[in-house]
Structure formats: C-alpha cells, structure tokens
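So for the sequence shown, the numbering used here puts the first residue at 174; every next one is plus one. Glycine included, every Cβ here is placed at the ideal spot set by N, Cα and C. Notes for the one structure printed next.
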Amino acid sequence: MPITAEQYFRVDSAEFIWIAKVRAAPLLSIHAKDEFVGGKGNLVVKLLGLITVVDAEGYEIDHGELLRFLAECIWFPSAFLSNYITWEAIDNTSAKATITYDGVSASAVFHFNENGEVTRITAKRYMEVNGEFVLEDWKGQIVEYKVFNGVVVPSRVNIIWKLKTGDFCYDQIEIVDIEYNILSTY
C-alpha cells in the first residue's frame, strides 16, 4: 500500500513532523502524523482523518522518534555536526552516533563504504509486541543515492526489523524531492 507523505525537520531543535496519507481502498483513507516536537514523540493514526485508531506516546515513543530523527539526518547531513550529536569511532567503516535532546537519548551505528557513503544504520529500537515494548534490532539499509539540490543523499532506504523469526521489512522509502532551508509552517 503506497504512502504519500511530507516531512518537515528543524535542525536547530532536533524536531520533525511527518504527515502521511494512505488510500487503503476506494473510499477508505488512513491519515498519520508522526512527530518529535519539544522533546516528545507522538504517533497518531486516523481512519478517514476522523477516527483515531492509534495515539502513541511515552518514553519508548520519545526514544523511537529521536532515533528516527538521528537516522534521517542522512537527508540533511549537515545536521550530523549539531552539538546534540556525538560520535564515537568503532572501526574504519563504522561509527556510533548518540543524539541527546531535551532529556532523551538514542544511539545508532552508521556503516560506511569506501567512498564515505552510509550503507546502513543499525540500532536497538523499541517495538510494541502484544501491548508491551521490547528492544529489537532495527536497520535502515541504503539502496540508492541521488542528488537533490546539489546534495548527494540516500534516495531509497529499506527499514527492517531484525527479529529472531527473520527480517521484517516494514517500509521501503523513496525520496522524490527535498527542499532545504524553507521557512514555512506545517
């Protein structure tokens, strides 16, 4: 089921808002808003934009949304130089990044090829299983790079849970456009 989405980031305050719409059937749409704003994460999903079916918040959501922000800095790489992100070398082809913002911290390992491009991102991320949150292995696998407005960034990324039962690819992202430094309200 294809998802059409727009996402807005604030690098100065480590925030994002993602707004999406899915056409599930001819007369059935699903609307979602995923965000990390003011140090808090929130995911709201509504049928037809009216009936709330998910309204998730709390520490595990805050952690997951901040981790998402960190991983998605691949689309605006200058953010990796922000003072709220620290780096620790692991070896010649990987480094651990830790983001701390407004009392919440999350870490991920970025893996690089010989050209210095990120090839994958790995982390421990909270997943809800039967109403309980558990830390599971999570991966963003970079599939392709493109140039957007003079910046080379990943254009296709597969998002995968690395579960004991096997890999579960729950999202295949394709970036079709990026605009930088746009002053607008979302």
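(request) Check the Cβ-Cβ distances between residue 188 and every residue of chain B, and say whether any is below 8 Å. (result) Although the question refers to chain B, the structure presented lacks it and comprises just one protein chain.
(request) Tell whether a beta-carbon distance below 8 Å holds between residue 204 and residue 194. (result) Residue mapping note: residue 204 aligns to position 31 of the sequence shown, counting from 1. Residue mapping note: residue 194 aligns to position 21 of the sequence shown, counting from 1. It is a contact, given that the beta carbons lie within the stated cut-off.
(message) Does the stretch 256-275 come into contact with the stretch 301-317, if we say contact requires no fewer than three beta-carbon pairs (one atom in each stretch) closer than 8 Å?
(response) no
(request) Leaving aside the five residues before and after residue 317 along the sequence, list all residues of the same chain whose C-beta is less than 8 Å from its C-beta, in chain order. (result) The residue labelled residue 317 in the question sits at position 144 within the sequence shown. So the list reads 327, 328, 329, once near-sequence residues are dropped.
(request) From the DSSP output, in three-state form, read off residue 257 for me. (result) For the purposes of this step, residue 257 is taken as residue 84 along the sequence shown, with counting starting at 1. Coil.
(request) With DSSP collapsed to three states, give me the class of residue 251. (result) As a first step, residue 251 is located in the sequence shown; it is residue number 78 there, counting from the start. Three-state result, residue 251: helix.
(message) Could you check whether residue 292 and residue 258 sit closer than 8 Å to each other, using their CB atoms as the reference points?
(response) Mapped onto the sequence shown, residue 258 falls at position 85. Mapped onto the sequence shown, residue 292 falls at position 119. The answer is no: Cβ separation not under 8 Å.
(message) For residue 215, which residues in the same chain have their Cβ closer than 6 Å to its Cβ, ignoring the five residues on either side in sequence?
(response) Numbered from 1 along the sequence shown, position 42 holds the residue referred to as residue 215. 208, 230, listed in sequence order.
(message) Please list the terminal residues of the continuous beta strand (DSSP E) segment that includes residue 192.
(response) For the purposes of this step, residue 192 is identified with residue 19 of the sequence shown, where counting begins at 1. Segment 188-198, the beta strand (DSSP E) holding residue 192.
(request) State the beta-bridge partners of residue 316 as determined by DSSP. (result) The sequence position of residue 316 within the sequence shown is 143, counting from 1. Residue 316 is not bridged to any residue.
(message) For residue 334 and residue 282, I'd like the C-alpha separation in whole angstroms.
(response) As a first step, residue 334 is located in the sequence shown; it is residue number 161 there, counting from the start. As a first step, residue 282 is located in the sequence shown; it is residue number 109 there, counting from the start. Answer to the nearest angstrom: the Cα atoms are 15 Å apart.
(request) Taking only the alpha-carbon atoms, compute the straight-line gap between residue 220 and residue 344 and give it to the nearest angstrom. (result) As a working note, residue 220 is residue 47 in the sequence shown. As a working note, residue 344 is residue 171 in the sequence shown. Approximately 20 Å between the Cα atoms of the pair.
(request) Compare the Cα-Cα distances from residue 256 to each of 346, 187, 176, 266 and report the closest residue. (result) Counting from 1 along the sequence shown, the entry for residue 256 is found at position 83. If we check each option's Cα against that of residue 256, 187 comes out closest.
(request) Locate the beta strand (DSSP E) running through residue 339, then write down its first and last residues. (result) The count along the sequence shown starts at 1 and reaches residue 339 at position 166. Element bounds for residue 339: 339-347.
(request) Classify residue 238 as buried or exposed, calling it buried when 16 or more other Cβ atoms lie within 10 Å of its own Cβ. (result) Your numbering for residue 238 matches position 65 in the sequence shown. That one is buried.
(message) For residue 224 and residue 295, I'd like the C-alpha separation in whole angstroms.
(response) Locating residue 224 in the sequence shown gives position 51, where the first residue counts as 1. Locating residue 295 in the sequence shown gives position 122, where the first residue counts as 1. Spanning the two alpha carbons is a distance of roughly 34 Å.
(request) Kindly give me the distance between the Cβ atoms of residue 279 and residue 240, rounded to whole angstroms, as I take these residues to be in contact under 8 Å. (result) What you label residue 279 is simply residue 106 of the sequence shown in a count that begins at 1. What you label residue 240 is simply residue 67 of the sequence shown in a count that begins at 1. That pair is a contact at about 4 Å.
(request) Could you tell me the boundaries of the beta strand (DSSP E) in which residue 232 lies? (result) Stepping through the sequence shown from its first residue, residue 232 is reached at position 59. No beta strand (DSSP E) holds residue 232; the alpha helix (DSSP H) holding it covers 232-245.
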